[in-house]
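Have a look at the structure below before the remarks.
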Amino acid sequence: MDTCPIREELSYPEIASIFSDVFQYAGPVARETSPDDVERWDSLQHIALIRALETTFSIRLSMDEMMEIRSAGDIENILQRHGV
Amino acid sequence: MSSVSLERGNPRKNPPVKSPGVRLAPDKKIDEIIEAAIDAAPECVRQRVILPSIDWSLVSPHNVGLLLGSLAQARMAVPGWLAKSLLVAGHTISEDLARSLRGAHAVLNRLNCASGELHERDAISAALGTLALDADLDPELVVAIIRRLVALSWDSEALHLALSQLHRVPNALKPAAELFGKHVARLPAARMRVSGFSTIHSFAEMLTPAFAAQGWRADVREGDFGSALTDLIAPPEGVDALVLLLDLDGILQRNWRQPAGELLAVLTERADMLGSALDVFSSRAGVPLLISTIPVPAAPGIGFLDRHHAAGVRNAVDTINRRILDAAAASSRIVVIDADHALSTLPARDQVDPKLWYYGRLPYSSEATRLLAFAFADAWKLLKRGPAKVVAVDFDNTLWGGVYGDDGLERLACGDDFPGNAFLGLQQECLRLKGQGLLLVGLSKNNPDAMSVFGRHLGMALKAEDFASVAVNWEPKPDNIRKIARELNLGLDSFLFLDDSPHEREAMRRLCPEVLVPEMPLDPAERPLWLRRLVATWPVRLTAEDEARADLYEVGRKAEAAKAEASSLEDYLRGLEQRLVLSFVGRDTLVRIAQMHQRTNQFNLTTRRLTESEIAGIAGDEGRGIVVLGKVSDRFGDHGIVIVATVIIHEREAVIHTLLMSCRVIGREVERAFLGELLRELRQRGVTQVRGDYIPTAKNAMVRDFYENAGFTASRSDDEGATAWSLTIGKKKLPASKFVTVSWET
Numbered sequence: 000m001d002t003c004p005i006r007e008e009l010s011y012p013e014i015a016s017i018f019s020d021v022f023q024y025a026g027p028v029a030r031e032t033s034p035d036d037v038e039r040w041d042s043l044q045h046i047a048l049i050r051a052l053e054t055t056f057s058i059r060l061s062m063d064e065m066m067e068i069r070s071a072g073d074i075e076n077i078l079q080r081h082g083v
Numbered sequence: 000m001s002s003v004s005l006e007r008g009n010p011r012k013n014p015p016v017k018s019p020g021v022r023l024a025p026d027k028k029i030d031e032i033i034e035a036a037i038d039a040a041p042e043c044v045r046q047r048v049i050l051p052s053i054d055w056s057l058v059s060p061h062n063v064g065l066l067l068g069s070l071a072q073a074r075m076a077v078p079g080w081l082a083k084s085l086l087v088a089g090h091t092i093s094e095d096l097a098r099s100l101r102g103a104h105a106v107l108n109r110l111n112c113a114s115g116e117l118h119e120r121d122a123i124s125a126a127l128g129t130l131a132l133d134a135d136l137d138p139e140l141v142v143a144i145i146r147r148l149v150a151l152s153w154d155s156e157a158l159h160l161a162l163s164q165l166h167r168v169p170n171a172l173k174p175a176a177e178l179f180g181k182h183v184a185r186l187p188a189a190r191m192r193v194s195g196f197s198t199i200h201s202f203a204e205m206l207t208p209a210f211a212a213q214g215w216r217a218d219v220r221e222g223d224f225g226s227a228l229t230d231l232i233a234p235p236e237g238v239d240a241l242v243l244l245l246d247l248d249g250i251l252q253r254n255w256r257q258p259a260g261e262l263l264a265v266l267t268e269r270a271d272m273l274g275s276a277l278d279v280f281s282s283r284a285g286v287p288l289l290i291s292t293i294p295v296p297a298a299p300g301i302g303f304l305d306r307h308h309a310a311g312v313r314n315a316v317d318t319i320n321r322r323i324l325d326a327a328a329a330s331s332r333i334v335v336i337d338a339d340h341a342l343s344t345l346p347a348r349d350q351v352d353p354k355l356w357y358y359g360r361l362p363y364s365s366e367a368t369r370l371l372a373f374a375f376a377d378a379w380k381l382l383k384r385g386p387a388k389v390v391a392v393d394f395d396n397t398l399w400g401g402v403y404g405d406d407g408l409e410r411l412a413c414g415d416d417f418p419g420n421a422f423l424g425l426q427q428e429c430l431r432l433k434g435q436g437l438l439l440v441g442l443s444k445n446n447p448d449a450m451s452v453f454g455r456h457l458g459m460a461l462k463a464e465d466f467a468s469v470a471v472n473w474e475p476k477p478d479n480i481r482k483i484a485r486e487l488n489l490g491l492d493s494f495l496f497l498d499d500s501p502h503e504r505e506a507m508r509r510l511c512p513e514v515l516v517p518e519m520p521l522d523p524a525e526r527p528l529w530l531r532r533l534v535a536t537w538p539v540r541l542t543a544e545d546e547a548r549a550d551l552y553e554v555g556r557k558a559e560a561a562k563a564e565a566s567s568l569e570d571y572l573r574g575l576e577q578r579l580v581l582s583f584v585g586r587d588t589l590v591r592i593a594q595m596h597q598r599t600n601q602f603n604l605t606t607r608r609l610t611e612s613e614i615a616g617i618a619g620d621e622g623r624g625i626v627v628l629g630k631v632s633d634r635f636g637d638h639g640i641v642i643v644a645t646v647i648i649h650e651r652e653a654v655i656h657t658l659l660m661s662c663r664v665i666g667r668e669v670e671r672a673f674l675g676e677l678l679r680e681l682r683q684r685g686v687t688q689v690r691g692d693y694i695p696t697a698k699n700a701m702v703r704d705f706y707e708n709a710g711f712t713a714s715r716s717d718d719e720g721a722t723a724w725s726l727t728i729g730k731k732k733l734p735a736s737k738f739v740t741v742s743w744e745t
């Protein structure tokens, strides 16, 4: 597997505003953005993230999806799967 | 419904409102489609197609003008769903067409037109005040209006609307977050200890907006995980209330191997455990307890048998709730928040979010957590402010249907038949409030003979003498209410004003802002239940007898306090079946012991922050001292290592260098049992004299008398208040606790 050096842009701009609301994160959000980049993205705030995603996109996430989310890109994949 | 789903079919198409006229997507094809749809607007509106899914913030005001023009030409009103999407996108609708707009739509249209002038602000403030109290506003419109108010820098209006709608529109704070932060900082603090049996963090966070909506700043100290019982028997100090959020799984901690037949015993035990902890609380605490009941379970445990069988989940809920209610009935300090009522707008299955329970033991879904937080805030406000003392009520079209002056006595609707029975229903509610001790006041614009209606009309439940005072005349109602307030010697802030006329309500709000003026439902059929739901009419206690009983209780409390407290506390502690297992620090426990030294603030005699190597140094082979730790378990489970002491031994003398305990087990005599066993161990090692210091800090006042209670004598104290204590341990009886079984790890 080769790694891609270019930071991919998000196709769901709402994710950036959710990151700012939930994590008070002001930096750029790319698909690769992960808890390593976002200081307040800990196991507790993960719950707030899940809730924000559910209300913003009117979807219901499963336990597996909750665990699957390890980066902004994971969120996008899930949103696509939900047909958002 | 269909318009809503079409419009919101793709939530992604509703980005934050952009200012009108900014074209964000210069995509020609899309433009062409939109223009074609606008050309065919009347047909599209009729069929509700295409237009509902357009993101109007991407469309220029010019094109919106064309759209509205073509509807006008076809003599069609702008339907609500279209008006809403246009207005939320920041567009304006011309005055001609806006005439069909009502309520929030009209207000948002005026705001979108406004340029920020002072006269515009004055003109709209009354309409905004009414909107704020509307319980049926479209949440999206609320958020758009607040956003627009913030953009116009009309801060107080934005904040007021956000705070009033917060209980039903969680997003209302988003556009006003900064204003909200500043506002909350200025509010009086409600200092609360918040605990439960499961994770209460989300609930504790939600208390901030909920309390702010009622005018308080929630100053929350979160208890440790599952610390509800501990907080009940050892109520925390320095707070104004203890807040407990209950959930069934957290309390029950069921053993799944237990046969169904034995469950009843276990359940009764758990309920009694909580019950006696509540009794202990009410006998010793100086602050109120706000506690929730446990809501209806999301799924029955054993189907149709669930409510009556001992193994039923619903039966468990009912049993535990019963115990809470019994404790509350006997104590003026306990306020019970009925979770089922608080969550009544949410189906039981949506009150929980199972993945969050499995992830982090969050007992309720975010929506349920929000509703519960607001219910707690209601209870707090009621407790602090008390309910209204006076109901000032209008006559025509409020207490009866019709206008006495126009319709005459015979045609007034009130009685057993429809539709008069709805008005009779409101009169009966007024009587109920009178029975609760509220005063009834009549405020009617009528000739004085309108009072005769109560005696002459056969359908009336109220009689003229039910009113403590009346003003039936043509004077403005605000003047009348002031007069009556003086006459009754009551403040205007204890008045509740019920009137079907929006103009009278608005006049009252303007001229007597202290009077509580709720928006009464338009439909008379809705009003009786609406009045029952109005928290301002809820009594804190019910009858004079109850009041008297509470007073008696207060007196009895002083006389019986020691006895009652001792017996219920004893029951509680005995029921805990605590086991304390002591051991010496080892490689596997060193990290935890060092951690405890860093973190423990309250139950900490010397607050010496020993590190791993310092602890290892004391416990090392050179024989300098010993480090003893204690693990506690009880019927509810294992608490792990909760107490530790480091002791430096020099021949026949020992010095307790550090002694500290986790808050989780405070108030259960664990410390007493531990100290006794520690002293026994020292005696076995040939020690005869034990010394220990108490060094006061900002947080450890609770252990000031620890050594004294254990029989030590103070040998000296220094200027900072530090005290040195000592004890000679010959053949003396050592401290012990009958509630803790002590053993050493083998």
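Chains Z and R supply the protein sequences, listed in that same order.
Take the first sequence: its position 74, counted from the start at 1, is 73 in numbering that gives the first Met the number 0, and no numbers get skipped.
Take the second sequence: its position 272, counted from the start at 1, is 271 in numbering that gives the first Met the number 0, and no numbers get skipped.
Every residue gets a Cβ at the ideal spot worked out from N, C-alpha and C, and that includes glycine.
Cβ-based burial, residue i [other Cβ within 10 Å; buried from 16]
i: H656 (chain R); result: buried
i: R98 (chain R); result: exposed
i: R22 (chain R); result: Interpretation of R22 (chain R) is limited by its pLDDT of 48, a score under 50 that renders its predicted location unreliable; the figure taken from the coordinates is listed afterwards. Per the 10 Å Cβ criterion, exposed.
i: Q350 (chain R); result: buried
i: V739 (chain R); result: buried
i: M66 (chain Z); result: exposed
i: Y706 (chain R); result: buried
i: T727 (chain R); result: exposed
i: D377 (chain R); result: buried
i: R508 (chain R); result: buried
i: L551 (chain R); result: At L551 (chain R) the pLDDT is 42, less than 50, meaning the model places this residue with poor confidence; the figure from the coordinates comes in the next sentence. Exposed: under 16 other Cβ atoms inside 10 Å.
i: G300 (chain R); result: buried
i: S115 (chain R); result: Position check: residue 115 (chain R) holds Gly in this sequence, whereas Ser was assumed. By the 10 Å Cβ count, G115 (chain R) comes out exposed.
i: E64 (chain Z); result: buried
i: I32 (chain R); result: exposed
i: D768 (chain R); result: Residue 768 (chain R) lies beyond the range of chain R shown here (0 to 745); nothing can be said about it.
i: T696 (chain R); result: exposed
i: K482 (chain R); result: exposed
i: S42 (chain Z); result: exposed
Where the beta strand (DSSP E) containing residue i begins and where it ends
i: H656 (chain R); result: E652 to M660
i: A713 (chain R); result: T712 to S716
i: T740 (chain R); result: V739 to W743
i: D637 (chain R); result: G636 to H649
i: S725 (chain R); result: T722 to T727
i: M62 (chain Z); result: It is not in any beta strand (DSSP E) - M62 (chain Z) instead sits in the alpha helix (DSSP H) that spans M62 to E67.
i: I625 (chain R); result: G624 to D633
i: V193 (chain R); result: A188 to G195
i: D478 (chain R); result: Careful: D478 (chain R) lies outside any beta strand (DSSP E), inside the alpha helix (DSSP H) at K476 to L487.
Residue i, enclosing alpha helix (DSSP H) - first and last residue
i: Y357 (chain R); result: P353 to G359
i: D248 (chain R); result: L247 to L251
i: Y24 (chain Z); result: Premise fails: Y24 (chain Z) is in no alpha helix (DSSP H) and is neither H nor E.
i: K28 (chain R); result: K27 to D38
i: R608 (chain R); result: Note, R608 (chain R): premise wrong, no alpha helix (DSSP H); not H, not E.
For residue i, the nearest candidate out of the options (CA to CA)
i: Q72 (chain R); options: R:S612, R:D95 and R:T129; result: R:D95
i: S57 (chain Z); options: Z:H81, Z:D20, Z:Y24 and Z:S19; result: Z:H81
i: A212 (chain R); options: R:V193, R:L241, R:D239 and R:V168; result: R:V168
i: R778 (chain R); options: R:D271, R:A618, R:H596 and R:I648; result: It is not possible to answer for residue 778 (chain R), since the shown part of chain R is limited to 0 through 745.
i: A105 (chain R); options: R:V141, R:S493 and R:W215; result: R:V141
i: P362 (chain R); options: R:A327, R:Y403, R:F224 and R:L678; result: R:F224
request  = Scan the segment 182-200 of chain R for residues whose Cβ lies nearer than 8 Å to a Cβ of chain Z and list them as they occur along the chain.
outcome  = H200
key: Members of the segment 58-82 of chain Z near chain R, C-beta cut-off 8 Å   = L60, S61, M62 and M65
request  = Please list the segments of the beta strand (DSSP E) lying wholly inside the segment 267-313 of chain R, counting only runs of 3 or more residues, in order along the chain.
outcome  = 288-291
task = Could you name each continuous alpha helix (DSSP H) segment of 4 residues or more that falls completely within the segment 318-394 of chain R, going from the start of the chain to the end?
result = 338-341, 353-359 and 365-384
Complete runs of the alpha helix (DSSP H) confined to the segment 394-429 of chain R [at least 4 residues] = Within the segment 394-429 of chain R, the runs of alpha helix (DSSP H) at least 4 residues long that lie entirely inside it are, in chain order, 403-406.
key: 3 or more residues per run - each beta strand (DSSP E) lying fully within the segment 445-474 of chain R   = If one requires a minimum length of 3 residues, the beta strand (DSSP E) runs lying completely within the segment 445-474 of chain R are 466-472, in chain order.
ask   = What residues in the segment 354-372 of chain R bring their beta carbon closer than 8 Å to a beta carbon of chain Z?
value = K354, L355, Y357, Y358, G359, L361 and S365
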